[in-house]
Structure formats: C-alpha cells, structure tokens
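Colleague: Under this note's numbering, the first residue of the sequence shown is numbered 19, with each subsequent residue one higher.
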Amino acid sequence: MKLIYNKNIILIPLLCMIFISMLHCANNRSKPTIPETHLDNWMISSSEDFHGKIVLNSGSAGCQQCHGIDFDGGKVDVSCINCHAERTNICTGCHGGISDQSGAPPFGLRGETSDTSRAVGAHTAHLDGSDLSGPVNCSDCHSVPAFTLELNHFDSISPVGSVVTDSIAEIIWGGFANGGTAIWDGNEQSCSGTYCHGTFDGGNQSNLPIWNQNNQAECGSCHDIGTEPGNLQWKHQYHITAANLDCADCHASVVDSTLAIVNPNLHINGSPDTLTADTSKCNVCHGDGPISCTSCHGGLDNSTGAPPFGLEDETLTSQLAVGAHTTHIEGGSLADPFECSDCHIVPVTLTANGHLGADNIAELNWSSLAGNSSTWNRTTAECSNIYCHGNFSGGYSSNSPIWTGTGQANCGSCHDIGANPEDLSGKHKKHFVDENIACRNCHSLTQGQNIAIVGPQYHIDGEKTVSFSFIGNFNNGTCSGLPNGCHGSENWYD
C-alpha cells in the first residue's frame with residue numbers, strides 16, 4: 019500500500035486549533051494595567067497626589083495620551099467622563115458648596131476663602147442674587163463646560179495654538195451681561211462696559227466695579243435715581259422735574275417710593291420694566307384740555323401755558339427757559355396776547371413729532387406775523403428782524419431785543435413816535451411837520467392822548483389800521499372825504 023502525503027490535510031486542522039486557542043485566550047485575558055502610571059493616592063482628594071491637583075498644576079495633555087483626546091477611553095479603554103459625569107456635585111465639588119450649592123466659590127481651587135481674593139471675589143454675590151437683582155447665570159460671564167475636561171474649562175488655547183493651563187477662568191461674556199463693550203481687566207480686577215453695571219441707554223457708562231471689593235452695586239451706582247434725571251436720557255427729564263414724578267410712579271413693578279427694589283427679578287434683567295402706579299398722574303399731562311400744557315409749561319401765575327417756570331425748575335425771567343414768555347402770552351398795554359404758534363410749533367398731542375426733544379430746547383418756528391426773516395440767537399438771547407419789534411416799512415428793523423432783559427418794548431423802541439417822523443413810511447413827516455397832525459388823528463382806534471395805546475388789539479397785529487378822529491376815509495393808500503379839503507387823490511406812498 020502506498021501512502022500519499024497531502025500537506026493540506028495536516029495544515030487545516032492545525033490552523034483551526036491555533037485559532038480556537040487564541041480565541042479562548044482572548045476571552046479570558048484581563049485588560050492590561052500599568053500600576054506605575056498613577057500614584058497610590060491618585061483618587062484621594064485630600065492627598066497632594068490627588069489627580070485633580072495634578073491636572074490643575076500640569077494640565078490634561080498627559081491624560082489624553084492614554085484616555086484619548088476626548089477623555090472617553092482612548093487606548094486604555096478607561097473613560098474619565100464616566101466618573102465625572104456621574105457625580106451630582108460635579109460643579110460644586112470644585113467650585114463651591116460651603117455656603118450654597120450654586121457652584122460659585124466661597125473657596126477657590128487653591129483653598130482661597132476670602133472674598134478679597136480674585137478666585138472668590140463676588141462670585142457668591144452674583145450667583146445668589148441680592149435685594150437689587152436676581153441670580154446671575156454662570157454663562158453670563160463664563161463658558162460653562164458640558165463636562166469637566168472640556169477644552170477652555172481649565173485649559174485654553176494660546177494665541178500660538180498651544181494648550182495653556184493657568185487655572186484662570188476665561189471671561190467669555192454671554193446673556194445680557196455684555197453691553198457691547200464688556201471688558202475684564204485681570205490686573206485691575208474690574209469689569210467695564212457691562213450691562214449689569216451701567217452700560218445701557220441712560221446708565222453710568224464709566225462705572226468700573228472692583229471684583230474683590232464690597233459695596234460695588236449701591237443703589238445709584240449704575241444709573242441716576244432722580245438727582246440728575248437728565249443723565250437718564252429719553253423723557254426722564256420731563257417726567258421727574260416738570261411733572262414731579264417718582265421712579266415708583268412709572269416702575270411700580272420694580273421699585274417702591276423709597277427706592278427699594280420690590281422685585282429683584284425684574285431689575286437688571288435686560289429689559290426696562292414699566293408699570294404705571296396711578297394713571298391719573300399721567301392724564302395730568304397726557305389728557306385733554308389746557309391743563310395738559312400748563313402742567314409742564316406754566317400755571318403758577320396764569321393758565322396760559324407760558325412758563326413762569328422752566329422744565330428744569332427755572333423761575334427767573336433772566337433764565338432762557340422763562341424769559342419774556344409770560345409777557346408775550348398775557349399781553350399788556352402795548353398789544354394783545356400773542357399765540358404760542360407765533361414762535362413755536364404747537365403740538366396736537368404731547369408726543370407729537372418735534373415736541374419732546376432730547377435736548378430740552380424748544381425750537382423756534384416763526385409765524386407769518388413774526389415774519390419769515392426773523393432769527394433767534396440762543397447764545398446772545400436776541401431776537402432780530404422780527405415784525406413785532408420793528409421789522410416793517412418805517413420801523414426800526416435793527417431793533418434786537420434781549421429775551422431775558424427788561425424794558426425791551428418801550429413806546430418808541432420799534433418805530434418813531436414823532437421825534438423823527440422822517441424815519442416813518444409814506445407822508446408821515448409832511449403831516450407831522452407841515453400839517454401838525456398827531457398820531458391819534460389818523461390812528462384813533464389805536465392811540466389816544468399822550469401817545470397812549472387805547473386799542474392794543476389794533477397794535478402789533480400785522481395791519482396798519484387807519485381810523486380818523488374826524489370825517490374821512492382811507493382806502494388803498496388814498497384819503498377821501500376829509501374836512502377842509504386837505505388834499506385830493508394823492509396816494510400816501512407816492
């Protein structure tokens with residue numbers, strides 16, 4: 019019998035035996051351990067060898083070599099995340115927990131407990147909230163990590179791309195904390211440009227609270243509380259000074275009459291909260307009728323709406339806001355009252371466009387009576403080229419009365435009253451000098467004996483009212499029907 023050798027018959031069973039042996043070995047093999055990699059007290063938090071302290075001082079790059087870039091196992095298949103994520107006090111374990119469970123330190127990572135240290139500072143004051151505001155979120159000032167070992171938690175990327183471990187929490191503004199220009203100065207330990215401390219319309223933009231000092235948020239430190247309402251912008255100036263309103267009248271949901279915050283959650287929350295305490299106070303100005311004008315513009319000595327007081331409590335006629343307003347609106351022996359509209363645009367409603375300006379200055383808008391060439395110089399407080407004070411044919415057009423002065427409308431200040439009749443228009447000189455005719459003979463409705471104004475409604479009214487004290491008519495510059503045949507059809511202006 020001849021034996022035939024086939025190597026495949028022997029090789030195949032051999033390979034199967036090796037494979038089965040390897041499989042059996044792999045199933046029973048324990049994961050390799052490297053005891054010398056970690057120190058004996060690696061997991062004991064009170065030890066100087068505690069891994070948290072090692073990472074704090076040396077960074078996490080060494081951990082990533084074995085546990086992976088994302089710390090989820092790596093080549094040793096041991097996840098750092100599993101351990102840290104399972105802890106219910108994952109934040110307070112490092113950042114706080116002595117006085118609260120907010121995660122804000124009453125102690126720092128190196129054992130600091132004083133609020134005068136940078137690591138502690140005002141963390142708890144912000145996270146706990148106060149009688150001025152509700153709690154602030156960690157994310158308003160920091161990037162809150164999803165897990166402990168996330169980049170930018172205790173490691174950060176330097177400008178050159180390397181990982182830096184400095185144990186300093188980076189400030190990454192979020193929420194409404196950033197007023198657009200928020201800056202943290204680590205050297206000065208101060209915040210600037212933050213909404214929370216005054217960077218908003220009407221706020222104290224220059225406020226620089228120091229992180230590790232007390233009393234950095236006193237009432238009035240972030241915005242005015244009524245002493246300088248002009249700093250608050252918008253219409254605060256009008257409401258506080260002219261309407262004599264308190265903060266609580268318009269912000270009743272936030273503050274009371276003593277300036278105590280009644281609802282901290284509505285204060286420093288990114289939105290001005292308004293609630294009118296008593297709408298009847300609003301209707302004093304916003305309602306109908308003359309009172310809506312006099313409540314801001316006058317009413318102390320009349321109900322015209324002309325100030326005897328200004329919007330900033332001015333009461334003297336030597337002040338621009340007051341000046342000669344009452345004299346013009348009340349009228350006098352020389353003229354009837356003038357209308358507000360002769361110098362200003364009178365709004366239909368309180369909030370009409372052009373009424374409430376940010377500068378508290380009333381714009382001049384001359385009427386046809388005052389004249390289109392009229393001008394106002396606020397610096398010198400002078401009116402010039404104005405009909406009412408001489409800018410008409412035969413008048414003293416160079417007359418420029420001072421708004422805050424006195425004796426600006428004496429008889430003869432706007433036009434001649436007989437001393438220099440050649441200054442007057444038409445045939446005034448001939449009638450005064452040659453015919454010895456007095457002003458009252460041709461203007462009897464306006465003027466009486468001794469040049470006294472007897473009809474102020476006919477004086478400074480935009481018309482030259484001719485009314486003879488004797489028989490006769492005046493029409494289109496020509497006299498007719500006069501006694502004694504004074505003259506024929508001559509025209510006054512020829």
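All C-beta atoms in this analysis are idealised placements derived from N, C-alpha and C, irrespective of residue type, glycine included.
Can you tell me whether DSSP reads T212 as helix, strand or coil?
Modeller: T212: strand per DSSP, three-state reduction.
Colleague: Work out the CA separation of N155 and H42 for me, nearest whole Å.
Modeller: Residue placement at H42 is flagged as unreliable, the pLDDT there being 38, under the threshold of 50; a coordinate-derived value is accordingly withheld.
Colleague: Taking just the CA atoms, how far does T345 sit from L334?
Modeller: About 13 Å.
Colleague: DSSP state of C311, grouped into three classes?
Modeller: Helix, per DSSP.
Colleague: Hey, could you find the ends of the alpha helix (DSSP H) C112 is sitting in?
Modeller: Here the alpha helix (DSSP H) through C112 covers T110 to H113.
Colleague: Report yes if the C-beta distance between P123 and H141 is below 7 Å; otherwise report no.
Modeller: Yes, the pair counts as a contact, with Cβ atoms nearer than the cut-off.
Colleague: Rounded to whole angstroms, how far is the Cβ of F356 from the Cβ of I347, which I believe are closer than 8 Å?
Modeller: That belief holds up - the Cβ atoms of F356 and I347 are roughly 7 Å apart, short of 8 Å.
Colleague: List the endpoints of the continuous alpha helix (DSSP H) containing S402.
Modeller: Taken as a continuous stretch (DSSP letters only), S402 belongs to no alpha helix (DSSP H), being part of the beta strand (DSSP E) at E400 to S402.
Colleague: For the beta strand (DSSP E) containing S487, list its first residue and its last residue.
Modeller: Careful: S487 lies outside any beta strand (DSSP E) and carries neither H nor E.
Colleague: Got a sec? Which residues, its chain only, sit under 8 Å from P474 by beta carbon, not counting five neighbours each side?
Modeller: Result list for P474: G349, G350, S351, L352, A353 and D354, in chain order.
Colleague: For N283, which of helix, strand or coil comes out of DSSP?
Modeller: If DSSP states are grouped into helix, strand and coil, N283 belongs with the helices.
Colleague: For S157, report the span of its alpha helix (DSSP H) as first-last.
Modeller: Note, S157: premise wrong, no alpha helix (DSSP H); not H, not E.
Colleague: According to the neighbour-count rule (16 or more other Cβ atoms, all chains shown, within 10 Å of its Cβ), is S39 buried or exposed?
Modeller: For S39, the predicted model reports a pLDDT of 35, less than 50, meaning its position is unreliable and no value from the coordinates is stated.
Colleague: Between which two residues does the alpha helix (DSSP H) harbouring D267 extend?
Modeller: Run containing D267: C265 to C268, per the alpha helix (DSSP H) assignment.
Colleague: For G436, collect the residues of the same chain with a Cβ closer than 7 Å to its Cβ; drop the 5 residues on either side in sequence, then sort them by chain order.
Modeller: For G436, where only same-chain residues beyond five positions count, the Cβ hits under 7 Å are F450 and C457.
Colleague: Distance check for F125 and T134, CA to CA, integer angstroms please.
Modeller: Cα to Cα, T134 sits roughly 11 Å from F125.
Colleague: List the endpoints of the continuous alpha helix (DSSP H) containing S289.
Modeller: Where S289 is concerned, there is no enclosing alpha helix (DSSP H), given that its DSSP letter is neither H nor E.
Colleague: Helix, strand or coil for H171? Go by DSSP, reduced to three states.
Modeller: Reduced to three states, the DSSP call for H171 is coil.
Colleague: Is the beta carbon of A195 sitting closer than 7 Å to the one on Y213?
Modeller: In contact: A195 and Y213 (Cβ atoms closer than 7 Å).
Colleague: Are the CB atoms of L329 and A260 nearer to each other than 7 Å?
Modeller: In contact: L329 and A260 (Cβ atoms closer than 7 Å).
Colleague: When you compare only the Cα positions, how much space is there between S485 and C497?
Modeller: Looking at the two C-alpha atoms, the distance is approximately 11 Å.
Colleague: Quick one: what's got a C-beta closer than 6 Å to I27's C-beta in the same chain, skipping five residues either side?
Modeller: Any reading at I27 must be qualified, since the residue scores a pLDDT of 43, below 50, and its modelled position is unreliable; no value is offered.
Colleague: Under 8 Å Cβ to Cβ from D331, same chain only, skipping five residues before and after it: list those, please.
Modeller: Only T259 meet the Cβ criterion.
Colleague: Within 8 Å, do at least three Cβ pairs link the stretch 189 to 207 to the stretch 146 to 166?
Modeller: Taking 8 Å as the limit for Cβ pairs, the verdict is that the stretch 189 to 207 does touch the stretch 146 to 166.
Colleague: Run through DSSP, which three-state label would T393 get?
Modeller: It is a strand residue.
Colleague: Going by CA-CA distance only, name the one from G221, I186, N509 and N383 that's closest to N205.
Modeller: Out of G221, I186, N509 and N383, I186 has the C-alpha closest to the C-alpha of N205.
Colleague: Count the other CB atoms, across all protein chains shown, that sit within 10 Å of the CB of Y511; report buried if there are 16 or more and exposed otherwise.
Modeller: So Y511 counts as exposed.
Colleague: Quick check: the stretch 293 to 300 against the stretch 263 to 279, are there 3 or more CB pairs under 8 Å?
Modeller: As far as the Cβ criterion goes, the stretch 293 to 300 touches the stretch 263 to 279, which means the pair count is three or higher.
Colleague: Beta-carbon separation of T393 and S402 under 7 Å?
Modeller: Contact: yes.
Colleague: DSSP beta-bridge partners for W229?
Modeller: Paired residue(s): none; W229 is not in a bridge.
Colleague: Which residues does DSSP pair with V96 in a beta bridge?
Modeller: For V96, which the question treats as bridged, DSSP gives the partners G91.
Colleague: For S487 versus S462, is the C-beta distance shorter than 7 Å?
Modeller: In this structure, S462 lies closer than 7 Å to S487 by Cβ.
Colleague: Given this structure, state the Cα-to-Cα distance separating G423 from H215, to the nearest angstrom.
Modeller: Looking at the two C-alpha atoms, the distance is approximately 45 Å.
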